[in-house]
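**Student:**
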Amino acid sequence: MTDKNIWTKLNFTASKEESAYDLLLTQSDQLVVATTGELKMDVEAVDSYLDVEPPKPIALYILYVVAPNLGNFRRKILTVVEGKEEGRFPVDIYCHIDDKKDENINKSEFLDKISEILNRKLVSNSIENLFQQSKEYSKNKPHE
Amino acid sequence: MNIGFWNVNSSDNNKDLSDSLVSLTSEKQLDIICIAEIKDATTLSFLKKINKSRTKQKYIQVKSVKNKLTIISRYANTVFEDKSSLYGSNRWIAHKISIPSIISFNLISVHFNSKLNWSEASLALECVNLSRDIALIESDSKCSETILIGDFNMNPFENGLVAANGINAVADLNYAFKKKSGREIDGTKYRYFYNPMWNFFGDFTEPYGTHYCRVAGHISHEWHIYDQIILRPTLKQYLDKPFIEIVKKIYSEDLTKKFSRPDKVKYSDHLPIVLKLKL
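Residue numbers (the numbering used here), protein chains in the order written: chain A, 1 to 144; chain B, 145 to 423.
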């Protein structure tokens, strides 16, 4: 029997570090409220890898805005790229509407950066247009 | 909008590729996936698995009076209008897809007979039938924008796909887009399709096709692009390169083996294909 304990330096506390995915999910109800249910936010978590040698595992969190009244049509707004080996943060954010990339975003600035992206003219127009299209269709939808 | 197709080649064996289908749908973020040669049990298993962890929109099997191919989507069934009762063949399934104020188009998923059973000439002549049915579908749906997706069992250069009275699918999007009236032969006009699959020939990028087969005798093409996405050039506004992918890997699963040929023992003798429309 030895006094050595090889497990002492590992962290077994129940709290898990919040990821970009968790932070995004905290925002999902707000869009439903703001658009009276015309739009919803959807975040898909996808395991992937960077095609470098050797391949580097990454996690992608893809933020969609969904229009339930348009048959669940969804528009891809942005993708958060988390390098699995580096931990939860920093992350890169790629916006699919204006094709701009923000790199090395820390946890403390993450939601502010997302807000800034959503408020860029092209991006906000795209989401607002989807809202208008959904609203218009709901108003004129033939009764089933 | 991402649309995928995969001939999973499991109608005559016990392969259950439902896990690979879940991975493909998830990694490629497919909104619609058309599947050929899938067993009902695999479809059920795929739907169960993909919907298991989803609190969001569930994937559904799209209804059709024809059942040669299976179509799964995360869109509501109301988006799909089945047009398959307009024609006789069970080798293609047609839907008008309408997302109000966003896009409307006809999606025709196809699975032509195998060259093991049908001659090249018969397959080419079948394209004339498909062309006739496309005209019917476009007229009935009052929508002239059509996407063909599936396993044609013909390469893009073969007669049925190239012939004006067949699919009339050319490799040049800009020309096909500008020449709206199409090609005129002896007074008859034939509208063009655009076939982007021509871009995948050769060994500059892997994979070298969607299907590999070596036949006996002197002439064997070896690599084939039987699985294709062919579209009306008027859909050009939704295309942002690279808008087509032949899928070789799903996550860490390599669907190919030696010389990048499809691993038909573990997966399928065909590789999946994906179309991305920017909406």
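For each residue, glycine too, the CB sits at the ideal point set by N, CA and C.
If you compare alpha carbons, which of B/N250, B/S325, B/L305, B/F345 is closest to B/A265?
**Tutor:** Within the second sequence, the letter at position 121 stands for residue 265 of chain B. Of the candidates B/N250, B/S325, B/L305, B/F345, the one whose C-alpha sits nearest the C-alpha of B/A265 is B/L305.
**Student:** Answer yes if the segment 215-226 of chain B comes into contact with the segment 234-254 of chain B, meaning at least three C-beta pairs across the two stretches below 8 Å, and no otherwise.
**Tutor:** Touching, per the Cβ criterion.
**Student:** Report the residues of the segment 352-380 of chain B with a CB closer than 9 Å to any CB of chain A, ordered along the chain.
**Tutor:** The residues in question: there are none.
**Student:** Beta carbon of A/K114, beta carbon of A/D102: below 7 Å?
**Tutor:** As a first step, residue 114 of chain A must be located in the first sequence, where it is residue number 114. As a first step, residue 102 of chain A must be located in the first sequence, where it is residue number 102. First, the residue type needs correcting, since residue 114 of chain A is Ile and not Lys in the sequence shown. Cβ atoms of A/I114 and A/D102: not closer than 7 Å.
**Student:** Is it buried or exposed, A/A14, if we count other Cβ atoms within 10 angstroms and call 16 or more buried?
**Tutor:** Within the first sequence, numbered from 1, the residue matching residue 14 of chain A stands at position 14. Exposed: under 16 other Cβ atoms inside 10 Å.
**Student:** Going by DSSP, name the residue or residues bridged to A/P57.
**Tutor:** Counting from one through the first sequence, the residue named residue 57 of chain A turns up at place 57. Per DSSP, A/Y49.
**Student:** Just checking: is the beta-carbon of B/T332 within a distance shorter than 7 Å of some beta-carbon in chain A?
**Tutor:** Along the second sequence, read from residue 1 onward, the residue named residue 332 of chain B stands at position 188. Answer no: the Cβ-Cβ gap between B/T332 and chain A never drops below 7 Å.
**Student:** Is it true that the CB of A/L25 sits closer than 7 Å to the CB of A/L111?
**Tutor:** Residue numbering aside, residue 111 of chain A sits at position 111 when the first sequence is read from its first letter. Residue numbering aside, residue 25 of chain A sits at position 25 when the first sequence is read from its first letter. For A/L111 and A/L25, no; Cβs fall outside 7 Å.
**Student:** Could you tell me whether any Cβ in chain A is nearer than 7 Å to the Cβ of B/Y203?
**Tutor:** Taking the first residue of the second sequence as 1, we reach residue 203 of chain B at position 59. False, the Cβ-Cβ gap to chain A never drops below 7 Å.
**Student:** Can you check whether the C-beta of A/N11 is within less than 7 Å of a C-beta belonging to chain B?
**Tutor:** As a working note, residue 11 of chain A is residue 11 in the first sequence. Chain B contact via Cβ: absent.
**Student:** Buried or exposed, going by whether 16 or more other CB atoms sit within 10 Å of the CB of B/F301?
**Tutor:** To locate residue 301 of chain B, count along the second sequence from 1; it is residue 157. So B/F301 ends up on the exposed side.
**Student:** Quick one: Cα of B/C178 to Cα of A/S19, how far?
**Tutor:** Within the second sequence, the letter at position 34 stands for residue 178 of chain B. Within the first sequence, the letter at position 19 stands for residue 19 of chain A. Going from the Cα of B/C178 to the Cα of A/S19 covers about 34 Å.
**Student:** What in chain B is Cβ-close to A/G71, meaning under 7 Å?
**Tutor:** One-based indexing of the first sequence puts residue 71 of chain A at position 71. Ordered by position in chain B, the residues that pass the 7 Å Cβ test against A/G71 are Y219, A220, T222, V223, I243.
**Student:** In the structure shown, what three-state DSSP assignment does B/L280 receive?
**Tutor:** Residue 280 of chain B sits at position 136 when you count from the first residue of the second sequence. If DSSP states are grouped into helix, strand and coil, B/L280 belongs with the helices.
**Student:** How should B/G294 be labelled, buried or exposed, when 16 other C-beta atoms within 10 angstroms of its C-beta is the threshold for buried?
**Tutor:** Here residue 294 of chain B refers to the residue found at position 150 when the second sequence is read from its first residue. So B/G294 counts as buried.
**Student:** Tell me whether B/Y334 sits in a helix, a strand or coil according to DSSP, three-state version.
**Tutor:** Residue mapping note: residue 334 of chain B aligns to position 190 of the second sequence, counting from 1. Three-state DSSP puts B/Y334 in a strand.
**Student:** Within 7 Å of any Cβ in chain A, is that where the Cβ of B/K200 sits?
**Tutor:** For the purposes of this step, residue 200 of chain B is taken as residue 56 along the second sequence, with counting starting at 1. Output row for B/K200: interface = yes.
**Student:** Measure the Cβ-Cβ separation of B/P406 and B/Y370 and say whether it is below 7 Å.
**Tutor:** Start at 1 with the first residue of the second sequence, and residue 406 of chain B comes out as number 262. Start at 1 with the first residue of the second sequence, and residue 370 of chain B comes out as number 226. Result no, Cβ atoms of B/P406 and B/Y370 do not sit closer than 7 Å.
**Student:** With 7 Å as the C-beta to C-beta threshold (strictly closer), list the residues of the segment 145-170 of chain B near chain A in chain order.
**Tutor:** Answer in chain order: S170.
**Student:** Roughly how far, in whole angstroms, is the beta-carbon of B/L379 from the beta-carbon of B/F337, given that I think they are within contact range, below 8 Å?
**Tutor:** Indexing the second sequence from 1 puts residue 379 of chain B at position 235. Indexing the second sequence from 1 puts residue 337 of chain B at position 193. Actually they are not in contact, since the Cβ atoms of B/L379 and B/F337 sit about 10 Å apart, beyond 8 Å.
**Student:** Going by the CB atoms, is the gap between B/L423 and B/I246 shorter than 7 Å?
**Tutor:** Walking along the second sequence from the start, residue 246 of chain B turns up at place 102. Walking along the second sequence from the start, residue 423 of chain B turns up at place 279. Cβ atoms of B/I246 and B/L423: closer than 7 Å.
**Student:** Is B/E366 helix, strand or coil when you go by DSSP?
**Tutor:** Against the second sequence, residue 366 of chain B aligns to sequence position 222. It is a strand residue.
**Student:** Applying a beta-carbon distance threshold of less than 7 Å, which residues of chain B neighbour A/Y137?
**Tutor:** Residue mapping note: residue 137 of chain A aligns to position 137 of the first sequence, counting from 1. Under the 7 Å cutoff, chain B gives P244, S245.
**Student:** What three-state label does DSSP hand A/N5 in the structure shown?
**Tutor:** Taking the first residue of the first sequence as position 1, residue 5 of chain A is located at position 5. A/N5: coil per DSSP, three-state reduction.
**Student:** What residues from the segment 383-395 of chain B come within 8 Å of chain A, judged by C-beta to C-beta, listed N to C?
**Tutor:** Within the segment 383-395 of chain B, the residues whose Cβ lies closer than 8 Å to some Cβ of chain A are Y395, listed in chain order.
**Student:** Answer yes or no: do B/Y203 and B/N195 have a C-beta to C-beta separation smaller than 7 Å?
**Tutor:** As a position in the second sequence, residue 203 of chain B is number 59, starting the count at 1. As a position in the second sequence, residue 195 of chain B is number 51, starting the count at 1. Yes, the pair counts as a contact, with Cβ atoms nearer than the cut-off.
**Student:** When DSSP builds the beta bridges, which residues end up paired with A/N67?
**Tutor:** Translated into positions along the first sequence, residue 67 of chain A becomes position 67. First, the residue type needs correcting, since residue 67 of chain A is Ala and not Asn in the sequence shown. According to DSSP, which records beta bridges pairwise, A/A67 is partnered with A/F73.
**Student:** Between the Cα of B/V166 and the Cα atoms of B/N303, B/S217, B/G331, which residue gives the shortest distance?
**Tutor:** Sequence index remark: in the second sequence, residue 166 of chain B carries index 22 (1-based). Nearest of B/N303, B/S217, B/G331 to B/V166, Cα basis: B/S217.
**Student:** Give the DSSP-derived three-state secondary structure of B/N234 in the structure shown.
**Tutor:** Indexing the second sequence from 1 puts residue 234 of chain B at position 90. In this structure, B/N234 counts as coil in the three-state DSSP scheme.
**Student:** Hey, how far is the Cα of B/L399 from the Cα of A/A59?
**Tutor:** Against the second sequence, residue 399 of chain B aligns to sequence position 255. Against the first sequence, residue 59 of chain A aligns to sequence position 59. Spanning the two alpha carbons is a distance of roughly 21 Å.
**Student:** Checking 7 Å against the spacing of the C-beta atoms, do B/S404 and B/P351 come in under that value?
**Tutor:** Position 260 of the second sequence holds residue 404 of chain B. Position 207 of the second sequence holds residue 351 of chain B. It is a contact, given that the beta carbons lie within the stated cut-off.
**Student:** Is DSSP giving B/D134 helix, strand or coil here?
**Tutor:** The structure shown does not extend to residue 134 of chain B, since chain B is modelled only from 145 through 423, so no value can be given for it.
**Student:** Return no unless some Cβ of chain B is closer than 7 Å to the Cβ of A/V32.
**Tutor:** In the first sequence, residue 32 of chain A corresponds to position 32, counting from 1. Cβ-Cβ to chain B under 7 Å: no for A/V32.
**Student:** Between the segment 323-331 of chain B and the segment 279-286 of chain B, are three or more C-beta pairs nearer than 8 Å?
**Tutor:** Contact between the segment 323-331 of chain B and the segment 279-286 of chain B is absent, because fewer than three Cβ pairs lie under 8 Å.
**Student:** Whose C-alpha, out of B/K323, B/G361, B/I390, B/N309, is nearest the C-alpha of B/F344?
**Tutor:** Within the second sequence, residue 344 of chain B is the residue found at index 200, counting from 1. B/F344 has its Cα closest to that of B/I390, out of B/K323, B/G361, B/I390, B/N309.
**Student:** For A/N72, which residues in the same chain have their Cβ closer than 8 Å to its Cβ, ignoring the five residues on either side in sequence?
**Tutor:** Translated into positions along the first sequence, residue 72 of chain A becomes position 72. Excluding residues within five positions, the ones whose Cβ falls inside 8 Å are V66.
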